[in-house]
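Scroll down for the structure; my scribbles are underneath it.
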Amino acid sequence: MKRKLNFKKAFLLSGTLLSGALTITAMSCQAPQVSEEVTTKDYDFGLASEPLNNLNYVRYRSMDRVLPSLVEPFTKQGPSQALKSIISTSSFTFSRVGTGSTTSSEFADIFKDNKDRLAENDGFGFVSGQYYPLDNFGVLGGLGRPSGNDVATQSSIYFFANPKNQNNYSAVTGYLNKGDNLWSNGDVVTAQDMRDYLEYVLDLSTGSQKLDQILKLGIRGAEAFVDAQKDYIAKFNRPYPNPWGRRPYIYSKELGRYIQDPDAKVWEYLHKDAQGNYLDKEAVDNIHKAALNFGFYTGQLFLDFGNDLVFENAASNPEFNLDDEVQEFQLKANDTDAAKTTVKLVKNEYANPYQSYENNKRLYGTLANDEYSFTLIFDGNKTPDLGYLLQQVFGALFPINRRYIETEVGGIDKYGADVSKFLTTGPFKIESTKDIVLGPQGSIILTKNPDYYDASNTISNKIKIYFSTDRTTNATFFEDGYISQTYIPANKIVSYWSDPKYKEYLNKNHGYGTIAYGFNLDTETNANSLINDPDLRSFIYYSINREHLLKVVGWDFSFPVNTWTAFGQYRLQDGKSLEMFFDGQSSRAKDEREFPLQNYDFLVHLGKSYELERTNREDATNAPATAEFYLERFKQKHPDVKVVKLNYLNNSTDEQRNAGNYLQEILNRTSNGFVQVELKSLPENTYATFTETGQYDIVYRNYDFLGGNTAQDYVASFFRTDEIDSLSQKNIAFKYNPVGSWTYNKYLSELLLEKLLNNDLIPNYEQQKASMLKNVLDLADAVYKENSEISNVLLSAQNNAEIPAKVNEVLAQFKEKALAKTSDALITNLLDNDYFVRTLLEYLSVTQPNLKVSRLDRLFEVYTYYLIDANVVSTTKNLAVKIQGTHSAKEVTLSENAQSLDVNTHKMHSLTFAEKFALATIDTAKRLNALIVPFSDYNERIHYFKNAILSLNNLTDAVKNALLAKLDKASDIEDMKDVLIEALNSNADETQTNAVMLDYQLQTLRHWVKFIELSYRIYDKKDQNNKYTGTAEGITEYSSRLAAFFSGNFTDEEFAQGWNSTVEVFRLIALLEKMVRETVPVVPLMEVDTNWEVTKIGGISSLFRFSLQYAYDVTKPPRPGLPRKRE
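Next comes the structure, spelled out in structure tokens:
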């Protein structure tokens, strides 16, 4: 039975109110003088939060903190244990569904292998009986339905564990309150509303700030869907206008409500050539295919009509067919209708494709099967664990009322511009226009919603949230009784701790993320800035004293860090923290001074768990001499530079201003005035615009937005660009890669350039790249000038955004003309490559210098790929390889086309691209301590050395047996190397000796090789005959390759190389941390994990998000019988 909203009259609210001023008298930094607490408050308690300028929670992230109290997500924060003991709450269980003997992490495979078992017992046949009572973890259903007594058939959520990692989940099915959750206009909340929210965010036309947040959830197909849209934009200079194939709403007089137009045309092709052929057919079909694969499915079979309604009327429709795309159907829309109405049923193409029906009854109870259920499927390489699922995924699944937006508001852009264009579903509402003042120094009043289905358990009646981020001001608010919780500045800690009135309300809590100085290394917006020089960035890195900076910015009780990954967030299944793999690791700067990878050993760092610990906070990488070394390198490269001026951007908060002041002072002092930092303070909204459009050199911020469900999240942000690119109409960046254009690939290509030129003091990389590419650039320019039919098309582009489409028009013709002008093997490979030629034509077409640089970088990265992979440059010629044992050593010099010997198969094999590249850069790997001791496991070690000896052709069986016996007595790897050296000397075969020694060298380079392999896209895929195809690895393919490796879904080849557990992945992440220090795209400063608050809020455990249904001030409870102390 659906609930109906009981409201007297829907009020219409006019436009956004202007901000009002709020005058505060600053308090001194001494012990607080407790003033007379406010007694005239007309609200139960107050809080402070970031300003709101708009209520559109689809487009803007500023609503994230307040939103859960107004618009309920799938799950909500439950009451504290003390409160739970005196109020009645429902159970909320999370039940396991078996996956049988399936070994794949992909849900499609799990379902295929087990669908018969899943259909048993009325669709609950594979429910194992294992479940989590999530209500015991402080999680209840928001939109999610309460669970019944039978967990097998009445759970709120069902999960399918990842067969490769039982602690993670390949898919979940969630059930909603059936008709109990209502929008404030009376509409019922359904699972489609949750899907509509995701659809809006993932539609690039929306321009949502939450796009990166939703992509990080790991939902299957989300990234591919976004990439398909980007591909369309790149080819046709505009976004595809309807990437989900949505139908517009029309008003049905017969039904008395809006429905989606059954006659609307969707998935239309828009661009034709002169012959009438659709140019965008493939691109539109790719978007459609990606949309269908997106892993959020409801159980609703038809648009606008629920399954029960359709099935109830099915008997009156003998021609009814579940599979028809559109069909006429007679139904009684409600019980009061005397006659039936003929409607057109439109099949919902996003209904759960894994669900089946027999006699109009669903087969699978653990899969979405009506409008109040959904099945959420994760990418097999990005399956979440329980913590991430509860904290990040379920809490991010909000509903949105698309019908209201498109029929009443006028589109998503206008939604939430003021309160009259905003709907709520949660325990609180905005009762009046007077209850919200948007903007800085404004406020919002939340009033208990009597129409909320669980209103009896909403504890407080009215809550006021002040828009204030200044901690000193907020501490004054708390002291004066305006608010009941705030994070406090460090200079208040001791005084609060020593005052009994405040001490009992102090709480040390934990945040998340890494605060760092970030650089704008975006090519289009900042290619001319000297901040692109890595030596200047290294100077900054080693000049900073993080211990001092902690005090300057008010994070006295946090910890300095010089690693990039957020501390303490990632663990193996056995509980080992990622940081334990950093312990004992080190690398050397270019002045050969060695620095520990981690500022503290992991166990020392755990001292933060104590309330007022005295852990030493000395910065291990504050090294003025090393900083001076890098500054001198910079000056050698740029002798004409008299002063370096850098622009530091901040959001006008004390913390960011102070961080800028410190940077300005320390760099000026350390460089004797050579490096000057100019500070620019902006309002928060303007600051956000400047940062996402690349109008800065340096920023200071918490990079928590990069963190997700996987340990590589931070270090992996530099595998792909997230740059401004006017050619692809990408005007916002820095979401996935916080520095824009810089990647490991770019670093490696420039490292190789240094090796080729035998010069690591290159002042202008772009000039050298152009010189290396001169032959192919000259050839392309000649073809361009000689063929007006090509150049005229390119010149007809009216702006940068039109260039990619023009390039596509002439691509094939240009390739044909260019290839006819060369016989050079390297240039032929380059010109056979569509990606290279497309980039080359863009390079010829653009006029802005920075865009030229952008395309030149891409061209050079492909060029270096062919240089190494096609053996244009030999990386083994005259390379010395040495094996050092305990008592002996052996060194050989390799030939130009040296091969290695696979000791397991006893076969010679040519080196891979990454192996050859690793040998070319081995000196850098050695300086970074990137070489490993292979075979940490004894059995692997002895197996390798025995096979190496057995592979030698010139040894008799007797000699081999004697050597094998010696190996059995050796436990240390150095002793085993002594036996191998003896075997090689006895074998007396130079070719085999070199091959075995090269193979062992590559074993020590295994992490460095993998780093290179992951950093480079496969710019030219090969066929079964090992021939180039001219086709580059796509962005989605590349992302999937990265995700598969880091999630432990190794290929057979990787298993053979020794990549057999996530332990090895964690070790590789340590190397990536070294690369961040070596290249300094960011300067990690401190962890966001130790924050003091003063709080009187009880009833809930956290105020990270304002999920406030159960919250109240324990000193002023709004009803009798509530606990009077915080837990």
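According to mature numbering (1 follows the signal peptide of the UniProt record, and there is no 0), the residues represented by the sequence shown are -31 to -1, 1 to 1096, in order. Just so you know, even glycine gets a beta-carbon here, dropped at the ideal spot from N, CA and C. Model, not experiment: these values are computed from the prediction.
Where residue i falls, given that 16 or more other Cβ within 10 Å makes a residue buried
| i | result |
| --- | --- |
| Pro818 | exposed |
| Lys885 | buried |
| Ser425 | exposed |
| Ile219 | exposed |
| Asn769 | buried |
| Asp992 | exposed |
| Thr658 | exposed |
| Leu469 | Note that residue 469 is Pro in the sequence shown, not Leu. Pro469 is exposed by the Cβ-count criterion. |
| Leu730 | exposed |
| Leu764 | exposed |
| Val3 | Unreliable placement is indicated for Val3, whose pLDDT of 37 sits below 50; the coordinate value is still reported in the next sentence. Its Cβ having fewer than 16 others within 10 Å, Val3 is exposed. |
| Leu726 | exposed |
| Gln645 | exposed |
| Trp1061 | buried |
| Ser757 | exposed |
| Trp711 | buried |
| Gln135 | exposed |
Residue from the options whose Cα sits closest to the Cα of residue i
| i | options | result |
| --- | --- | --- |
| Asp525 | Ala594, Leu261 and Glu624 | Glu624 |
| Leu696 | Ile202, Ser512 and Arg28 | Ile202 |
| Gly107 | Lys45, Gly113, Gly69 and Asn150 | Lys45 |
| Lys979 | Leu933, Phe1035 and Asn619 | Phe1035 |
| residue 1098 | Leu300, Ser49, Tyr266 and Gly450 | Given a span of -31 to 1096 for the chain in the structure shown, any question on residue 1098 remains unanswerable. |
| Ser31 | Val253, Asp906, Phe280 and Phe436 | Phe436 |
| Lys472 | Asp491, Glu516 and Glu448 | Glu448 |
| Leu717 | Asn700, Gln698, Phe688 and Met741 | Phe688 |
| Ile693 | Ser650, Gln664 and Ala592 | Gln664 |
| Ile432 | Lys10, Ser955 and Ala1039 | Lys10 |
| Glu1096 | Gln50, Leu21 and Asp33 | Gln50 |
| Asn866 | Lys851, Arg331, Ala839 and Tyr166 | Ala839 |
Sequence-distant residues of its chain with Cβ nearer than 8 Å to residue i (five each side left out)
| i | result |
| --- | --- |
| Thr393 | Leu39, Val40, Trp152, Ser153, Ile399 and Asn418 |
| Arg896 | Ser556, Arg557, Lys559 and Glu561 |
| Pro1087 | Asp13, Ile428, Ser429, Asn430 and Tyr1081 |
| Leu1091 | Leu52, Ile55, Ile428, Gly1067, Gly1068, Tyr1081 and Val1083 |
Neighbourhood of residue i by C-beta, 7 Å cutoff - its chain only, sequence neighbours within 5 removed
| i | result |
| --- | --- |
| Leu675 | Asp682, Tyr683, Ser686 and Pro707 |
| Asn777 | Lys204 |
| Ala774 | Lys204, Phe205 and Asn206 |
Cut-off 6 Å between Cβ atoms - residues of its own chain near residue i, not counting five sequence neighbours on either side
| i | result |
| --- | --- |
| Asp666 | Asn489, Ser498, Ile500, Leu615 and Asn616 |
| Ser97 | Arg65 and Gly67 |
| Thr534 | Tyr683 |
| Arg824 | Thr808, Glu811 and Tyr812 |
Where residue i falls: helix, strand or coil (DSSP)
| i | result |
| --- | --- |
| Val362 | helix |
| Ala233 | coil |
| Phe298 | strand |
| Ala878 | It should be noted that the sequence gives His, not Ala, for residue 878. If DSSP states are grouped into helix, strand and coil, His878 belongs with the strands. |
| Ile457 | coil |
| Val1051 | strand |
| Ser940 | coil |
| Ile462 | helix |
| Ala794 | helix |
| Thr416 | strand |
| Phe550 | helix |
| Pro469 | helix |
Quick check: the segment 1023 to 1035 against the segment 455 to 467, are there 3 or more CB pairs under 8 Å? The segment 1023 to 1035 is not in contact with the segment 455 to 467.
Does the segment 1056 to 1075 come within contact of the segment 498 to 507, defined as at least 3 CB pairs closer than 8 Å? By the C-beta criterion, the segment 1056 to 1075 is judged not to be in contact with the segment 498 to 507, since fewer than 3 inter-stretch pairs fall below 8 Å.
Counting Cβ pairs, one atom from each stretch, are 3 or more of them under 8 Å apart for the segment 45 to 61 and the segment 1078 to 1096? In short, these stretches touch, since the Cβ pair count reaches three.
Report yes or no: do three or more beta-carbon pairs, one from the segment 1037 to 1056 and one from the segment 483 to 493, lie closer than 8 Å? Segments in contact, yes.
Check whether the segment 70 to 79 and the segment 110 to 117 touch, using three or more Cβ-Cβ pairs below 8 Å as the test. No, the segment 70 to 79 does not touch the segment 110 to 117.
Whether or not the segment 737 to 753 and the segment 185 to 198 are in contact is what I'm after, with contact meaning three or more pairs of Cβ atoms, one per stretch, closer than 8 Å; do they touch? Segments in contact, no.
Pairing CB atoms from the segment 85 to 103 with CB atoms from the segment 320 to 336, are three or more of them under 8 Å? Segments in contact, yes.
Examine the Cβ distances between the segment 862 to 872 and the segment 963 to 970 and report whether three or more of them are shorter than 8 Å. As far as the Cβ criterion goes, the segment 862 to 872 touches the segment 963 to 970, which means the pair count is three or higher.
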